[in-house]
Amino acid sequence: MSFASSMVASVPVFGRMFKLEGEPELEPINAWPAAMIMASFMWFSVAVLLGISLPLTQMLGFDTSLFYTAVTAHGAAMAFPYVFQLMMGVGLHRAAGCLGKPITGIIPALAFWCMNIGGILFTIAILMGLKISYAVMYPLPIVGVQTGQWSMTAVVIGFTGIAGILLTVILLYPVQVIKMLFFDRAQDDLILSPRTLNDPGMLGMAMAAFVLLIMGAPLLIVASAVLLALYGILPMAWVAWATDPMVFQFVFYIFAHNLMEAMAIMIISALYATLPLYLADGTRKLYSDRMANLALWILLVTSVTSFFHHFFTMFPALPSALSYHGNIMSWGTGIGAAVTIFTIAMTIFKHGLRPSAGIMAALMGFTLYILDGVSAIVTSNVAWSFQLHGTMWQAGHTMAVLVAMSLMWMGVLIHHYPVITGRTLSADSGKWFVTLFTVGAVGVNYSFLAAGAAGMPRRFAAWDQEGWMIYGYFILIFGLFMAVGMLIFLLDISRARIIDTGPVAAPAE
Amino acid sequence: MLDFIYRTGWGAFAVMLLFQIPFLLVFLTLVFRKAYVNTGPSEISDARIGGLRRGWMALVIALFLIVNLVSIQFFPAIYTARAAASGVPAIDVAVDAQSWSYDMSRQEFEVGQPVRFNARSLDTMHGFAVYHPDGQVLFTMMLVPGVGVSSLIYTFTEPGTYKIRCLEYCGLAHHEMNDEITVTEAST
Ligand SMILES: [Cu+2]
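Residue numbers (this note's numbering), protein chains in the order written: chain Z, 2 to 510; chain D, 918 to 1105.
Printed below as a string of structure tokens:
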């Protein structure tokens, strides 16, 4: 038994959901993914509670600093230790099973520990008073020290945690994927369902790994320089190039925007791989692989420079030409999405669908992903951005894209769950989870968007004016739907039964 | 009509729904029909698929082009340039944002008078959002310290008290960072 699998088995409550009871020979492709997926759901549970607390602190009139603590911790836990780690776990398992390459050695272990210890350190810093929102808002961390809002110690601990998370996201995970795709030796007994890079289900994995590595590198360099200066290893004056707020904005959003796009490319790719397995006529193919790959390429190319839409309202500090470019590229991602919609819809129409909790979760996640995409391109138009930037509209987009991707990944996870754990979920379990979670997520999203349209600011501790509180009530109600849906999902997987028909018959894909 | 669509948050919301509702209706109907009502494969020729695909992509591209081309006249860069070229002299207002207040060189204006807001931040990132008395955001500017002054010309069309808010999270009293400007009827 590997360290990762014995660690999972020893964790209370969550360990039961993900401990490995399947074929021991598959442990090299299952152990670290199970650990990552388990940890992601532990973070998610905390993040959901923090999310519910956000409208509550406002309604009950608690101290405003409590709201800022919760909003920072909620966003930080959601984006990285939850969604990214869930994606990393399921994605690595998928890639390993398709390529027959083990997920063992130092890199997956480091990826797991850097992400989770990083997340814990950042959380400690937040509890010590560092309230900088998950977007860091640089130079706020430093200005906050100068104005006595929090201590330098909290900043150093928080930045150390962020560095750990970034190391996993920008370096360790992509390197592991690239290593598996291009270098490691395949082991026949680990191949569950072979796929090559020509397959849309695998192409997206490769694209995303390179996007993360390349677009994240500048942020990793800047963040490392700042961190070395904070530790006192480098004099502050030496890193002045990195501490310039404008430099930070650019390296941060080039990364943060492309991180989201890379994750989207990866999950759309996983959907392209999973949907054909649930076609009613047993085709096991999309109606057109060429269109699927085309959509991924369009998404890849247009998304790289659409990050300028984060800066429209810096006019005229952001030259108009770059604004227009960001506007056009953002809507260009919509062209890629239109191709994806057609491919998914035509495949379902042509071949029929064999419904199950997994594929329905993935398709409802996809629906939310498209709804969110529309709200995103609308606010990526220069004219609308000037009314919507900094409002709840933007917060709704951030939340919806993360929730949509996580719902799609949960769908893919339900599909892979028997192979990873050796346990099976009851056939119609998950129906309630998919329904409640989808209704909740769509409802929360529209509540945020309407609040944004009404001018309600995001990350703002005073909702009790201008009639904004009504949106808070809607967010709370739909948020509870999501929380209950999630609880049902976690209960379901903790009750999964061991597959009793000998070795797992069905391959992963 | 166009003013409502492109210069208010609810206009953006309406356009968003215009795209979302047809997608929701068609896609969800398709998924649920093929999953629960008639799960069998459907006969469709490759030529028909090709035709549908061309039609769908042409529709999407046309809609995207129309929405964005019409929006150009509402870009702040465009209406700022137009106001500057109109010959009516703009009133310059210096806005210094600092945690957690604004220092404005002038806070009273008249209807029809172009006002050039020259805003900057003196410490961390701040926003400078001007709200219409009815609660709509008229425009917001993102102020990054160290990049100098961001400018935008806005011409108020209605008298009233306009709220200013910071829309970039800037620390513990972020929600208290606000101010007001007053717009009065033109004195002929
Ligand atoms: Cu501020």
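Glycine is no exception: its CB is placed at the ideal position from the N, C-alpha and C atoms. Just so it is clear, the structure is predicted and the values come from calculations on it, not from any experiment.
Inset, instruction - Could you name the residues of the same chain whose beta carbon sits closer than 8 Å to that of Z:Gly503, not counting the 5 residues immediately before and after it, in chain order? - result: Low local confidence applies: a pLDDT of 49 at Z:Gly503 is under 50, so the model's placement there is unreliable, with the coordinate-based value given in what follows. Excluding sequence neighbours, Z:Gly503 sits near nothing in its chain.
Inset, instruction - Look up Z:Lys132 in the DSSP assignment and give the residues it is bridged to. - result: Z:Lys132 pairs with nothing; no bridge assigned.
Legend entry - Z:Asn382 at chain D interface by Cβ criterion, 8 Å: yes
Inset, instruction - Within its chain, find whatever has a CB closer than 6 Å to the CB of D:Ile1098; leave out the 5 residues flanking it on each side and keep chain order. - result: Gln1024, Tyr1079
Inset, instruction - Kindly indicate the opening and closing residues of the beta strand (DSSP E) around Z:Leu59. - result: The sequence shown places Gln at residue 59 of chain Z, rather than the Leu named in the question. Unbroken run through Z:Gln59 is the alpha helix (DSSP H), 28 to 60; no beta strand (DSSP E).
Inset, instruction - Could you check if D:Ser962 is buried or exposed, using at least 16 other CB atoms within 10 Å of its CB as the buried criterion? - result: exposed
Legend entry - D:Val1047 versus Z:Gly444, Z:Asn31, Z:Leu389, residue with shortest Cα-Cα distance: Z:Leu389
Legend entry - Distance cut-off 7 Å: Z:Ser134 Cβ against heavy atoms of ligand 2: Questions concerning ligand 2 fall outside what the structure shown contains, since the ligands it does hold are ligand 1.
Legend entry - Contact list for D:Gln1065 against chain Z, beta-carbon separation under 9 Å: Checking the sequence shown, residue 1065 of chain D turns out to be Gly, not Gln. What D:Gly1065 touches in chain Z: Ala318.
Legend entry - Within-8 Å CB hit, D:Met1042 to chain Z: yes
Inset, instruction - Buried or exposed for Z:Asn199, please, with buried defined as at least 16 other CB atoms from any protein chain shown within 10 angstroms of its CB. - result: exposed
Legend entry - Three-state class that DSSP yields for Z:Lys20 in the structure shown: coil
Legend entry - Member of Z:Tyr288, Z:Ile269, Z:Ile30 whose CA lies at the smallest distance from the CA of Z:Pro109: Z:Ile30
Inset, instruction - May I have the straight-line CA-CA distance separating Z:Leu141 from D:His1043, to the nearest angstrom? - result: 10 Å
Inset, instruction - Using a cut-off of 8 Å between C-beta atoms, extract the partners of D:Glu1085 located in chain Z. - result: Met138, Gly391
Legend entry - Residue-level contact to chain Z via CB, D:Pro1062, 8 Å cutoff: yes
Inset, instruction - Mark Z:Gln177 as exposed unless 16 or more other C-beta atoms lie within 10 angstroms of its C-beta, in which case mark it buried. - result: buried
Inset, instruction - Say whether chain A places a C-beta atom closer than 8 Å to the C-beta of Z:Ser321. - result: Here chain A cannot be found, since the structure's protein chains are Z and D.
Legend entry - Residue closest to Z:Ile179, alpha-carbon to alpha-carbon, out of Z:Ala96, Z:Ile329, Z:Ile478: Z:Ala96
Legend entry - Cα-Cα separation between Z:Ile234 and Z:Ala226, rounded to whole angstroms: 10 Å
Inset, instruction - Taking all protein chains shown into account, decide if Z:Val445 is buried (16 or more other Cβ within 10 angstroms of its Cβ) or exposed. - result: buried
Legend entry - Secondary structure of Z:Tyr139, DSSP reduced to three states: coil
Legend entry - 8 Å Cβ cutoff, Z:Ala339 in contact with chain D: yes
Legend entry - Outcome for Z:Ser7 when other beta-carbon atoms lying within 10 angstroms are tallied against a minimum of 16: exposed
Inset, instruction - Identify the continuous alpha helix (DSSP H) that holds D:Gln937 and give its terminal residues. - result: 926 to 949
Legend entry - For Z:Ser152 and Z:Val146, the rounded distance between their alpha carbons: 6 Å
Legend entry - Nearest-angstrom Cα separation, counted from D:Asp1009 out to Z:Leu172: 48 Å
Legend entry - Cβ-heavy atom distance, Z:Gly468 to ligand 1, below 7 Å: no
Inset, instruction - Assign Z:Ile189 to buried or exposed, taking buried as 16 or more other Cβ atoms, counted over all protein chains shown, within 10 Å of its Cβ. - result: Note that residue 189 of chain Z corresponds to Asp in the displayed sequence, not to Ile. Under this definition Z:Asp189 is an exposed residue.
Inset, instruction - May I ask which residues mark the beginning and end of the beta strand (DSSP E) holding D:Glu1093? - result: No beta strand (DSSP E) contains D:Glu1093, which DSSP labels as neither H nor E.
Inset, instruction - Report yes if the C-beta of D:Ser1003 is less than 7 Å from at least one heavy atom of ligand 1; otherwise report no. - result: no
Inset, instruction - Pick out the complete alpha helix (DSSP H) segments inside the region 240 to 306 of chain Z, 4 residues or longer, and give them in chain order. - result: 241 to 244, 246 to 275, 290 to 305
Legend entry - Closer than 8 Å to chain Z by CB, D:Leu945: yes
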